[in-house]
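One structure is given here, and the rest of the page talks about it.
There are 2 protein chains.
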Amino acid sequence: MEEELANLHALYLMKKKKVTIKHLARKLNVSVSTVSRALRDAPDVKPETKKAVLELVEELNYKRSFLARSLVSKRTYNVGVIVPDIAVPFFGNAIAGMQEYLHQQGYNLIICSSNEEFEKEKKNVELLLDHQVDGLMISLSTQTKDYTHLEYARDEGLPVVLFDRVLPGQQDNFPKVLVDDQSGAYKAIRHLLERGYRKIAHISGPEHLVISRQRTAGYKTALENAGIALTPGYLLHFDMEGQVGELVDNLLALPDPPDAIFAINDPVAFAIMHHLLSKGVRIPEEMGIVGFTGGPMSKLYYPSLSSVRQPSRAMGKSAAKMLLKEIESPSSETGSKPKIRIIPTELEVGQSSQRSKV
Amino acid sequence: MEEELANLHALYLMKKKKVTIKHLARKLNVSVSTVSRALRDAPDVKPETKKAVLELVEELNYKRSFLARSLVSKRTYNVGVIVPDIAVPFFGNAIAGMQEYLHQQGYNLIICSSNEEFEKEKKNVELLLDHQVDGLMISLSTQTKDYTHLEYARDEGLPVVLFDRVLPGQQDNFPKVLVDDQSGAYKAIRHLLERGYRKIAHISGPEHLVISRQRTAGYKTALENAGIALTPGYLLHFDMEGQVGELVDNLLALPDPPDAIFAINDPVAFAIMHHLLSKGVRIPEEMGIVGFTGGPMSKLYYPSLSSVRQPSRAMGKSAAKMLLKEIESPSSETGSKPKIRIIPTELEVGQSSQRSKV
DNA sequence: ACCGTTTCCGGTACCGTTCTCGAAAGGAAA
DNA sequence: TTTCCTTTCGAGAACGGTACCGGAAACGGT
Numbered sequence: 013m014e015e016e017l018a019n020l021h022a023l024y025l026m027k028k029k030k031v032t033i034k035h036l037a038r039k040l041n042v043s044v045s046t047v048s049r050a051l052r053d054a055p056d057v058k059p060e061t062k063k064a065v066l067e068l069v070e071e072l073n074y075k076r077s078f079l080a081r082s083l084v085s086k087r088t089y090n091v092g093v094i095v096p097d098i099a100v101p102f103f104g105n106a107i108a109g110m111q112e113y114l115h116q117q118g119y120n121l122i123i124c125s126s127n128e129e130f131e132k133e134k135k136n137v138e139l140l141l142d143h144q145v146d147g148l149m150i151s152l153s154t155q156t157k158d159y160t161h162l163e164y165a166r167d168e169g170l171p172v173v174l175f176d177r178v179l180p181g182q183q184d185n186f187p188k189v190l191v192d193d194q195s196g197a198y199k200a201i202r203h204l205l206e207r208g209y210r211k212i213a214h215i216s217g218p219e220h221l222v223i224s225r226q227r228t229a230g231y232k233t234a235l236e237n238a239g240i241a242l243t244p245g246y247l248l249h250f251d252m253e254g255q256v257g258e259l260v261d262n263l264l265a266l267p268d269p270p271d272a273i274f275a276i277n278d279p280v281a282f283a284i285m286h287h288l289l290s291k292g293v294r295i296p297e298e299m300g301i302v303g304f305t306g307g308p309m310s311k312l313y314y315p316s317l318s319s320v321r322q323p324s325r326a327m328g329k330s331a332a333k334m335l336l337k338e339i340e341s342p343s344s345e346t347g348s349k350p351k352i353r354i355i356p357t358e359l360e361v362g363q364s365s366q367r368s369k370v
Numbered sequence: 013m014e015e016e017l018a019n020l021h022a023l024y025l026m027k028k029k030k031v032t033i034k035h036l037a038r039k040l041n042v043s044v045s046t047v048s049r050a051l052r053d054a055p056d057v058k059p060e061t062k063k064a065v066l067e068l069v070e071e072l073n074y075k076r077s078f079l080a081r082s083l084v085s086k087r088t089y090n091v092g093v094i095v096p097d098i099a100v101p102f103f104g105n106a107i108a109g110m111q112e113y114l115h116q117q118g119y120n121l122i123i124c125s126s127n128e129e130f131e132k133e134k135k136n137v138e139l140l141l142d143h144q145v146d147g148l149m150i151s152l153s154t155q156t157k158d159y160t161h162l163e164y165a166r167d168e169g170l171p172v173v174l175f176d177r178v179l180p181g182q183q184d185n186f187p188k189v190l191v192d193d194q195s196g197a198y199k200a201i202r203h204l205l206e207r208g209y210r211k212i213a214h215i216s217g218p219e220h221l222v223i224s225r226q227r228t229a230g231y232k233t234a235l236e237n238a239g240i241a242l243t244p245g246y247l248l249h250f251d252m253e254g255q256v257g258e259l260v261d262n263l264l265a266l267p268d269p270p271d272a273i274f275a276i277n278d279p280v281a282f283a284i285m286h287h288l289l290s291k292g293v294r295i296p297e298e299m300g301i302v303g304f305t306g307g308p309m310s311k312l313y314y315p316s317l318s319s320v321r322q323p324s325r326a327m328g329k330s331a332a333k334m335l336l337k338e339i340e341s342p343s344s345e346t347g348s349k350p351k352i353r354i355i356p357t358e359l360e361v362g363q364s365s366q367r368s369k370v
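And the structure:
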């Protein structure tokens, strides 16, 4: 009677009284422990009662509370990821890859964006720490110049995995998953050489980022291996996106301008192409172009862009996998060296480097 | 002695003993209730003790447990969002807008991607429900043809806000934030007409989506208002992305082919341009192009794409705002009509519709 | 008939908060 | 002095689970 009334009231307020493990227990005339065990599929519970529980669960549409569970088990089954910009397709895809794997492993993903700001990145780490995620994946912002915030997180007991954007130097002990930037760049230059381009310039990114360095290294060694001397002025770095036009102008103004440009990534490549085409420079006849991180856009551009493909989804999945492994058995405990996974790249040839005759 | 040992052990295992409200209480010789109150900045606690608590918090680096808090307060301060594809810049930006607002309001965002699959979308709703989010924002997948899953969520007491992609018909009672598709399309067509284009075709999307319908409607009324009859064969729908080339060929094969194409969105516009340019059709001289949802790419294409800008960030923020309002006071309780917020669009003129002479 | 094992289950103490209730202390008002 | 508010705080019960410790049947072997 009293209960019915309370029930009615609850319904009225639409603050739906969630069914709990206790309701199940009472209905079945067993203890909460038994129900809990049944739900976790523990070995020491009779198959019949287990079945009965499952049926009642179905009937009452019971949902177990992650919250309560997490509170006692000290695990939230949430992991966080911080990327510089969600809207960049590469990161979007990487995240999709993580999601897929994590969901299927019973984990959940909390996504944060640093907007390429170091301060925001630190705040995000704090936030995820506050929310007691079980682990953290991160791709650094361009402003990030040290690991202090990540080391802090690690000291708090949080497993951290870096991916794609990391800092140079290997004295840090973070597991990482990287793309094979150097050999990707190498392939790009080889390809241009094969097409008959000889005067190859490179527009790179901020010098403190590993990807910039690696790609530049690949560029250099490919040229060296081909016996071609580096031309001063052919290697440029940009700090802000806006500059690209200027840099291209610098190249064109050179006494001996290049006949091909290798761009650090696709957006930069697009900016280069736009600038060149609007100046009447023909691509690929007068200038060959190769980018990096081919997204869907590279095929849609005209001319379509040759680009070193980064398997972004695979990278995401790989990072997630590594993180879960780290959560299960931290390398700091097992004493094993932190893993570094290198994902291979693949050159996708488009029209932007297809010079008609060699 | 004993405690020290335990402490040492804990440290050794790196299962960092988190400092709790109890530790604070003991150290300060007050009760947990008092500490709790101080932390929540309740009015009935002496300023001095409040200060003492805050200081100790600082010193011990105490973090309050969201988990425990949520367990009793029935609020997780997490909200979920489901989008068809995180890697699409429009959604990425919308999410960024939501994040920003939500974080600043003390909420957290859990992001899910349906990959344009209805089944996945349903699973995502389940997942978020399981995780007891306080609210849900969603942009429907192309496969979604009804609201049953959302109605279920709403019946469970979960506030739901739709954005961008919704279903036609207004008998549902969900609050929504939409872009002004119709007038956006109208503006696009007006613009083309002003530029002297007369034979304007439209490549639209799946017919059951509201955005398709609205944009098509804008297209039609703009032509009608200009006294131009609709040409049969000028209005096409695509189901899969791949088809765009075919559709363009159909248009070109028409006895009287169009001199401009209005695309339902930018990716489609890019595909159209790529196809046309590779066939030697000159843009904008022989064919004008206008897209929808200008991202950063529209300026980078050559020729740059004229496009109806959707303020994606603003939409995200608006949706988040609406959701929080819904969480604080559900419209179902206050009896007020669910809000529908329409965000205005803006035409960004590029080169793709800049015919030299009118 | 006795005793050691299994098999299955119940009781209870948490996990880290918030919330409700009421009580002590210190005036102000009577 | 008594009465009655304020202000400030403490005790203890939740919240929905899990983990640990036992204990009662049921079973088989001797």
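If you're matching them up, the sequences are chains A and B in order.
13 is the number of the first residue of the first sequence in my numbering; add one for each residue after it.
13 is the number of the first residue of the second sequence in my numbering; add one for each residue after it.
Each residue gets a CB set at the ideal place from its N, CA and C atoms; glycine is no exception.
Owing to the predicted nature of the structure, the values given are computational and were not obtained by experimental measurement.
Could you pull out every residue in the same chain whose Cβ sits closer than 8 Å to the Cβ of residue i, ignoring the five residues on either side in sequence?
i	result
B/L68	L36, K39, L40, Y74
B/V374	As displayed, chain B neither begins before 13 nor continues past 370, which places residue 374 of chain B out of reach and without an answer.
A/V327	Before going on, a small fix: residue 327 of chain A reads as Met here, not Val. These residues qualify, in order along the chain: A106, G109, F175, D176, V189, V191, I355.
A/K30	K75, S77
B/K329	G109, M110, E112, Y113
A/I284	I215, V256, V260, I273, A275, I301
B/I98	G104, I107, I123, S125
B/E16	Caution applies to B/E16, whose pLDDT of 39 falls short of 50 and renders its modelled position unreliable; the value that the coordinates give is listed next. No residues qualify anywhere along the chain.
A/E71	none
A/G118	Y89
A/N262	G245, L248
Can you list the residues of chain A that residue i reaches, using a CB-CB cut of under 8 Å?
i	result
B/M309	F282, M309
B/F78	D142, H143, Q144
If the cut is a Cβ gap below 9 Å, which residues of chain B does residue i touch?
i	result
A/G104	D97, I98, A99, V100, P101, F103, G104, S125
A/S371	The first residue shown for chain A is 13 and the last is 370, placing residue 371 of chain A beyond what the model contains.
A/A275	Within 9 Å Cβ-Cβ: nothing; A/A275 doesn't reach chain B, min ~12 Å.
What does a CB cutoff of less than 7 Å around residue i pick up in its chain, not counting 5 residues either side in sequence?
i	result
B/Q363	P296, P315, S316
A/S153	P96, S126, E128, E129, F130, E133
B/K337	none
B/L259	I215, L248, F250
B/L335	V91, G147, M149, P171, V173
A/D184	Y159
A/P323	I355
Short of 6 Å in beta carbon distance, which residues of its chain neighbour residue i, apart from the five on each side in sequence? Order them along the chain.
i	result
B/K188	L174, V178, I352
A/P101	G307
A/V293	M299
A/Y24	Reliability of the predicted coordinates at A/Y24 is poor, the pLDDT of 39 falling under 50, and no value is obtained from them.
A/L162	V172
A/D193	I223, Q226, R227
A/G245	L266
B/A22	Caution is warranted here: a pLDDT of 38 is assigned to B/A22, below 50, making its placement in the model unreliable, and the coordinate value is therefore given only provisionally. Contacts found: K29.
Based on the DSSP output, what are the partners of residue i in its beta bridges?
i	result
B/E358	B/R321
A/N90	A/N120
B/V302	B/F274, B/S318
A/I150	A/I94, A/L174
B/V69	Its beta-bridge partners do not exist; DSSP assigns none.
B/L190	B/I354
B/A213	B/I273
B/S85	DSSP, once it has assigned bridges, lists no residue as partnering B/S85.
Which bits of chain A does residue i rub up against, with CB to CB less than 7 Å?
i	result
B/Y10	The requested residue 10 of chain B is not part of the displayed model; chain B covers only 13 to 370.
B/M285	Y314
In chain B, which residues lie less than 8 Å from residue i when you measure between Cβ atoms?
i	result
A/K75	L141, D142
A/A332	Chain B residues near A/A332: none, gap ~14 Å exceeds 8 Å.
In chain A, what lies closer than 9 Å to residue i by C-beta?
i	result
B/I122	N90, N120, L121, I122, I123
Closer than 7 Å by beta-carbon distance: list the chain B residues that pair up with residue i, in chain order.
i	result
A/A108	I98, A99, S125
Quick one, which residues of the segment 315 to 327 of chain A are near chain B if we go by CB-CB under 8 Å, in chain order? S316
The segment 214 to 233 of chain B: positions lying closer than 8 Å to chain A by Cβ: Those residues of the segment 214 to 233 of chain B placed with their C-beta closer than 8 Å to a C-beta in chain A do not exist.
Which ranges does the beta strand (DSSP E) cover as unbroken runs of at least 3 residues, wholly within the segment 230 to 273 of chain B, from first to last along the chain? 247 to 249
Taking a Cβ distance cut-off of 7 Å, strictly less, list which residues of the segment 154 to 165 of chain A are near chain B, in chain order. none
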